[in-house]
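Under UniProt numbering, the final residue of the sequence shown carries the number 440; numbering is consecutive throughout.
By construction, the Cβ of each residue, glycine as well, lies at the ideal position given by its N, Cα and C atoms.
No experiment lies behind these values; they were computed from the predicted model shown.
So the structure is just underneath, and the comments pick up after that.
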Amino acid sequence: MSAPPSLGAGKSVAIIGAGWSGLAAALELTQAGQRVSLYEAAPLAGGRARRADIRGLALDNGSHLMLGAYTATLELLARVGGDRHLERRPLVLAQPPHFRLALPRLPAPLHLAWGLMAARGLGIRDKLAAATFMAHLQRQAYRLEQDMPVTQLLDQQHQPPHLQTSFWQPLCLAALNTPAERASAQVFARVLQDSLGGGRAATDLVLATRHLGALLPDPALDWLRQRGQEVRLGCRIQAIHPVAEGWQLQLPEGQSRRHDRVILAVAPQHAAPLLPQAAPTTSPAQTRLLASLQGLTYQPIATCYLAYPPDTALPWPLLALAGPLGQWVFDRGLTGTPGLLACVLSAHGPWEACNASALATALHGEIQTALGRPLPPPHWHQLVREARATFSCTPGLERPGTATPWTGFFLAGDYVDNGYPATLEGAVRNGLAAARAALG
């Protein structure tokens with residue numbers, strides 16, 4: 001594949017998909033002085049991290065946790081002013097009454113050492129094993145000789161069963177949305193490198209004080225429109241065809257538009273049907289790309305909102321649940337909806353067979369167990385399911401890269417290979433990478 005010439009002034013880039021990756025690409029290209037057209041099939045920008053209007057409240061279609069290690073995301077939010085809706089707090093991981101890890105504001109690596117030694121619910125053997133494991137990963141520069149399931153790595157490194165089930169496995173599920181027995185140890189090691197193995201501020205919880213739309217999608221669209229860029233919501237691209245020195249997009253109602261470059265920033269299951277059509281031949285590289293997209297499998301996530309009296313609050317912004325269904329519960333009081341709790345159900349599991357009412361009842365019980373006190377029944381509940389929330393982050397997974405076999409055609413999205421799992425940070429980094437590739 002020949003490299004495209006550098007994108008000059010007056011050239012246009014089509015970005016298909018206004019999730020966080022597509023928005024990152026649009027902002028980066030605009031900052032570089034390029035002409036951008038942003039197309040989004042849905043009526044709202046944000047992709048799988050967007051505002052959801054529920055019972056008259058501006059909520060989210062899912063709960064997304066950010067850390068101080070999300071440097072690219074935080075810089076992007078600052079660029080458009082969304083960072084004013086963020087609050088940073090030292091990390092506290094708690095599963096009352098069994099476990100609590102709090103990282104103090106000390107320089108790295110003292111913050112982690114102190115936090116581990118002071119952790120509740122872990123014996124001295126657990127604490128020493130966790131510290132030894134992190135030291136081992138650091139000596140290996142967080143690179144494994146061979147990828148394997150996370151549980152296999154933990155067993156190899158002699159992590160006690162209680163430490164695995166109370167700390168490492170929940171952390172893996174939260175980060176990779178893939179159960180530890182199936183999750184990639186290499187990707188998990190990369191997450192640990194940037195979080196627990198990073199600077200002190202990298203482990204901070206970064207909490208939204210408003211809905212997700214206020215962080216990036218809404219201010220990013222305003223920022224783009226103020227600079228004269230084209231934003232078309234509710235516009236589903238039908239097909240993409242190569243033409244002389246560029247690309248032709250087939251729009252609804254028989255319309256078409258020509259662009260010099262294309263960044264395809266949609267979910268992977270939607271990307272394969274939009275790969276360039278009418279190419280004269282199918283090369284092995286094109287075949288491999290299609291196979292990598294079609295070979296991805298997916299994990300679901302659900303968020304169950306439970307509305308309690310306004311004086312109901314968690315002791316920390318989020319708590320780990322002991323299950324058997326829920327993993328985490330977030331206190332939405334921080335976002336201006338006191339008494340509203342959001343329970344997260346990650347990856348495939350028995351919760352998928354439950355209806356909304358049964359899940360709400362079960363999660364109500366799990367929250368009471370975590371708090372150690374009774375709560376009145378929630379006066380309403382709402383379940384939001386995302387069947388294909390993330391790709392299954394399994395060992396040795398072949399993920400496509402930013403570049404494609406077609407000159408001037410690039411991929412973005414959280415599934416594109418950058419060593420990270422499907423997170424907001426991974427999406428943003430891939431959007432920025434696609435924009436820089438399009439610039440030539």
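Endpoints, alpha helix (DSSP H) assigned at residue i
| i | result |
| --- | --- |
| residue 187 | 185-194 |
| residue 150 | 150-156 |
| residue 357 | 356-371 |
| residue 425 | 424-439 |
| residue 139 | 124-139 |
| residue 28 | 20-31 |
Residue range of the unbroken beta strand (DSSP E) whose run includes residue i
| i | result |
| --- | --- |
| residue 395 | Where residue 395 is concerned, there is no enclosing beta strand (DSSP E), given that its DSSP letter is neither H nor E. |
| residue 172 | Run containing residue 172: none in the beta strand (DSSP E); it sits in the alpha helix (DSSP H), 169-176. |
| residue 299 | 298-307 |
| residue 417 | Residue 417 -> no beta strand (DSSP E), and no H or E assigned at all. |
| residue 270 | From DSSP, residue 270 is part of no beta strand (DSSP E) but of the alpha helix (DSSP H) over 268-271. |
| residue 244 | That residue, residue 244, is in no beta strand (DSSP E); it is neither H nor E in DSSP. |
| residue 211 | Here residue 211 belongs to no beta strand (DSSP E), and DSSP marks it neither H nor E. |
| residue 79 | From DSSP, residue 79 is part of no beta strand (DSSP E) but of the alpha helix (DSSP H) over 71-80. |
| residue 60 | 57-60 |
| residue 259 | 256-259 |
Cβ-based neighbour list, residue i, same chain, cut-off 6 Å, excluding 5 preceding and 5 following
| i | result |
| --- | --- |
| residue 214 | 85 |
| residue 93 | 101 |
| residue 419 | 190 |
| residue 58 | 51, 211 |
| residue 29 | 13, 36, 435 |
| residue 398 | 292 |
| residue 154 | 164, 168 |
8 Å Cβ cutoff met for residue i and residue j
| i | j | result |
| --- | --- | --- |
| residue 415 | residue 54 | no |
| residue 79 | residue 204 | no |
| residue 67 | residue 206 | yes |
| residue 339 | residue 308 | yes |
| residue 217 | residue 23 | yes |
| residue 129 | residue 163 | yes |
| residue 107 | residue 258 | no |
| residue 276 | residue 406 | yes |
| residue 402 | residue 411 | yes |
| residue 325 | residue 386 | no |
| residue 90 | residue 370 | no |
Residues near residue i by beta carbon distance below 8 Å, same chain, minus five either side
| i | result |
| --- | --- |
| residue 274 | 16, 237, 239, 240, 264, 266 |
| residue 360 | 304, 306, 378, 381, 383 |
| residue 141 | none |
| residue 32 | 435, 439 |
Cβ separation of residue i and residue j, assumed to be a contact under 8 Å, to the nearest whole Å
| i | j | result |
| --- | --- | --- |
| residue 261 | residue 408 | 5 Å |
| residue 26 | residue 198 | Contact doesn't hold; Cβ gap of about 28 Å is too wide. |
| residue 348 | residue 300 | 7 Å |
| residue 345 | residue 327 | 7 Å |
Own chain residues within Cβ distance below 7 Å of residue i, not counting five before or after
| i | result |
| --- | --- |
| residue 172 | 150, 180, 183, 188 |
| residue 380 | 55, 307 |
| residue 426 | 414, 418, 420 |
Below 8 Å, how does it come out for the segment 172-189 and the segment 146-153: are there three or more Cβ pairs, yes or no? yes
Do the segment 230-247 and the segment 24-42 meet, that is, are 3 or more Cβ pairs less than 8 Å apart? yes
Please determine if the segment 376-392 and the segment 223-230 are in contact, where contact requires at least 3 C-beta pairs separated by less than 8 Å. no
Under 8 Å: do the segment 286-298 and the segment 387-397 share three or more Cβ pairs, one atom per stretch? yes
If contact is defined by three or more beta carbon pairs under 8 Å, each pair taking one atom from either stretch, is the segment 254-272 in contact with the segment 13-23? yes
With a threshold of 8 Å, are at least 3 pairs of Cβ atoms found where one atom belongs to the segment 154-165 and the other to the segment 130-139? Segments in contact, yes.
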